[in-house]
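**Student:**
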Amino acid sequence: MARYSHIVGWGMYVPEKVLTNDDLANIVDTSDEWIRTRTGIRERRIVTDPSESTSTLATRAARAALEKAGLSPTALDMIIVATSSPDHLFPATACLVQDALGAVNAGAFDLSAACSGFVYGMAMAHGLIVSGQADTVMVIGAEVLSRLTDWSDRNTCVLFGDGAGAVIMQVSEQPGGFIASDLGADGSGASLLSLPAGGTRLPASEETVRNGMHYIKMDGRAVFRFATRVMAEATRRVVDKAGLTLDDVALIIPHQANSRIIESSVIKQLKYPKERVFMNLDRYGNTSTASIPIALVEAVEQGRVRPGDYVVLVGFGGGLTWAAALIQWGAPKVSEVSRWQRWFWAAWYRVYRTRSAYRRLLRRLFALWFGTRERSEEELERLRRLRKE
Ligand code: UT7
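Mapping of the sequence shown onto the numbering used here: residues 700 to 1088, in sequence order.
(1) Write down every uninterrupted run of the beta strand (DSSP E) in the region 732-779 whose length is 3 residues or greater and which is fully enclosed by it, in chain order.
(2) Using only alpha-carbon positions, find the residue among Asp-885, Val-938 and Gly-840 that is nearest to Pro-785.
(3) Quick one: does the C-beta of Met-917 sit closer than 8 Å to a heavy atom of ligand 1?
(4) Quick one: measure Cβ to Cβ for Gly-1016 and Ala-813, integer angstroms, because I've assumed they're closer than 8 Å.
(5) Is there contact here, the region 715-723 with the region 762-774, by at least three beta-carbon pairs under 8 Å?
(6) Kindly examine ligand 1 and report whether one of its heavy atoms sits closer than 8 Å to the Cβ of Phe-789.
(7) Given the structure, does Val-1013 come close to ligand 1, in the sense that its CB is under 8 Å from one of the ligand's heavy atoms?
(8) Helix, strand or coil for Lys-1087? Go by DSSP, reduced to three states.
(9) Along the beta strand (DSSP E) that carries Val-866, what are the first and last residues, could you check?
(10) How many angstroms separate the CA atom of Ala-793 from the CA atom of Phe-859?
(11) Grab me the residues of Leu-788's own chain with a C-beta within less than 8 Å of its C-beta, minus the 5 sequence neighbours each way, in chain order.
(12) With a threshold of 8 Å, are at least 3 pairs of Cβ atoms found where one atom belongs to the region 730-745 and the other to the region 850-859?
(13) Buried or exposed: where does Leu-1064 fall if 16 or more other Cβ atoms within 10 Å of its Cβ makes it buried?
(14) Short check: CB of Ile-878 to CB of Ala-824, under 9 Å?
(15) Report all residues from its chain with a CB closer than 7 Å to the CB of Thr-758; omit the five preceding and five following residues, and keep chain order.
(16) Do you know how far the Cα of Val-1013 is from the Cα of Leu-775?
(17) Nearest-angstrom Cα distance between Gly-1007 and Ala-998?
(18) Going by beta-carbon coordinates alone, are Val-829 and Ile-867 separated by less than 9 Å?
(19) Between Met-978 and Ala-994, is the Cβ-Cβ spacing less than 9 Å?
(20) Can you list the beta strand (DSSP E) stretches of 3 or more residues lying completely in the region 955-1035, in chain order?
(21) Rank Trp-1044, Lys-1087, Val-1033 and Leu-1082 by C-alpha distance to the C-alpha of Ile-706 and give the top, closest one.
(22) Closest to Thr-848 by CA distance: which of Ser-1037, Arg-744 and Ile-915 is it?
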């Protein structure tokens, strides 16, 4: 049987708190007019609850995607979380999501390719599915960039937002689905967009914190030039690889970084009609890895993507990286979720939370028991030595 990979579920989550351009003008020397005309952004969402993090946003988007697909978390073979703001350097945020979902049959790993990460993740999921290593893969793009943003740096703090988007890709005999990709990197531009401290190159210290090196740093103009070039080139290449022309493409969903980048790359250079380019950055800002899946979810929900449509997803980001994917939208069966099913899934997640807490408790008890035994052996050794003396 020929194996194809199709999107069968999708979901998104953004925090409730809206931060407008006027709110930002109260924090830094900027204005609604500057932000709107230079970026297209009007507002963004940010987390306010300290218990929220990238994994909790990712989990909410993942649950919505499972609900849409009518799938149990146990059906997942792999969970890929693309993020630039993981909960920790390690363990992977994907493992925390796996635990929160009770996806007991899934492997889990994080993918770091900055804003291109979600499309990289889809390409990895496609590879796992067509090679027969997995049947059902969850790909999530999730960020809490507000915690890595220097709120006194007007060059960056006006751009970013928090959110998460997820898709479930599943094996199918039906041709279509994920058709082609174009992934690339140019590490010579690594310093143009980075979070300098906290890794092994520049471990966190009093000095790094004092100098704000644990915040996002960016050369905006250089990234802008890179983005306008690669977005157009990658789109052209992925369409070529699929043996199609731009006229065949019903919708382009670009990374939602800046409306001027989208206009000068996709619309001007490719001469692609603006009405077939999806944009929602005015409401969410740049949510990095989450921007493309959130835009895809909204495009589908708004009926902008119909069965059989060819859609290009294209992004760029720190690294520097770029990624484009061409998909043919299938006819996913959207499941209607009853109140009873909703109750069942809420109970499922509670049970798995309890199971997880129980396993942690067991580990602690074992550690305590073995720790005590080790201490008593040491004690015995000391006693033996004392006796000899
Ligand atoms: O996911 C990838 C993430 N990164 C990106 O996508 C960033 C790509 N770059 C951009 O989107 C744009 O370069 C920015 C939006 C970051 C900046 O827009 P720009 O048109 O390239 O502005 P600029 O950096 O050339 O700055 C123009 C002026 C400067 O003042 P002077 O030197 O001309 O006096 C800046 O200091 O605008 C000033 N400026 C601001 N003014 C008000 C920079 N940021 C702000 C601000 N409010 N927030």
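Virtual Cβ for every residue (Gly too), placed ideally from N, Cα, C. None of these values were measured; they are calculated from a predicted model.
**Tutor:** The structure says:
(1) 742-744
(2) Against the sequence shown, residue 785 aligns to sequence position 86. Checking every option, the nearest Cα to that of Pro-785 belongs to Gly-840.
(3) Here the question's residue 917 lines up with position 218 in the sequence shown. Yes, ligand 1 has a heavy atom inside 8 Å of this Cβ.
(4) As a first step, residue 1016 must be located in the sequence shown, where it is residue number 317. As a first step, residue 813 must be located in the sequence shown, where it is residue number 114. Indeed, because the Cβ distance is near 3 Å, the residues count as touching under 8 Å.
(5) no
(6) The residue given as residue 789 occupies position 90 in the sequence shown. No.
(7) By one-based count along the sequence shown, residue 1013 stands at place 314. Result no, Cβ not under 8 Å from ligand 1.
(8) For the purposes of this step, residue 1087 is taken as residue 388 along the sequence shown, with counting starting at 1. Looking at Lys-1087 - three-state DSSP - the assignment turns out to be helix.
(9) Looking up residue 866 in the sequence shown gives position 167. Start and end: 862-871.
(10) Sequence index remark: in the sequence shown, residue 793 carries index 94 (1-based). Sequence index remark: in the sequence shown, residue 859 carries index 160 (1-based). Ala-793 and Phe-859: Cα-Cα distance of roughly 22 Å.
(11) Indexing the sequence shown from 1 puts residue 788 at position 89. Result list for Leu-788: Gly-897 and Gly-898, in chain order.
(12) yes
(13) Against the sequence shown, residue 1064 aligns to sequence position 365. Leu-1064 comes out exposed.
(14) By one-based count along the sequence shown, residue 878 stands at place 179. By one-based count along the sequence shown, residue 824 stands at place 125. No.
(15) Here residue 758 corresponds to residue number 59 of the sequence shown, with the count starting at 1. Hits under 7 Å: Val-796, Ala-799 and Leu-800.
(16) The sequence position of residue 775 within the sequence shown is 76, counting from 1. The sequence position of residue 1013 within the sequence shown is 314, counting from 1. Cα-Cα distance, rounded: 26 Å.
(17) Taking the first residue of the sequence shown as 1, we reach residue 1007 at position 308. Taking the first residue of the sequence shown as 1, we reach residue 998 at position 299. Spanning the two alpha carbons is a distance of roughly 15 Å.
(18) In the sequence shown, counting from the first residue as 1, residue 829 sits at position 130. In the sequence shown, counting from the first residue as 1, residue 867 sits at position 168. No; because the gap between Cβ atoms is not below 9 Å, this pair is not in contact.
(19) If you number the sequence shown from 1, residue 978 lands on position 279. If you number the sequence shown from 1, residue 994 lands on position 295. Yes, Cβ-Cβ distance for Met-978 and Ala-994 is below 9 Å.
(20) 1009-1016 and 1020-1027
(21) Locating residue 706 in the sequence shown gives position 7, where the first residue counts as 1. When only C-alpha atoms are compared, the closest one is Val-1033.
(22) As a working note, residue 848 is residue 149 in the sequence shown. Closest by alpha carbon: Ile-915.
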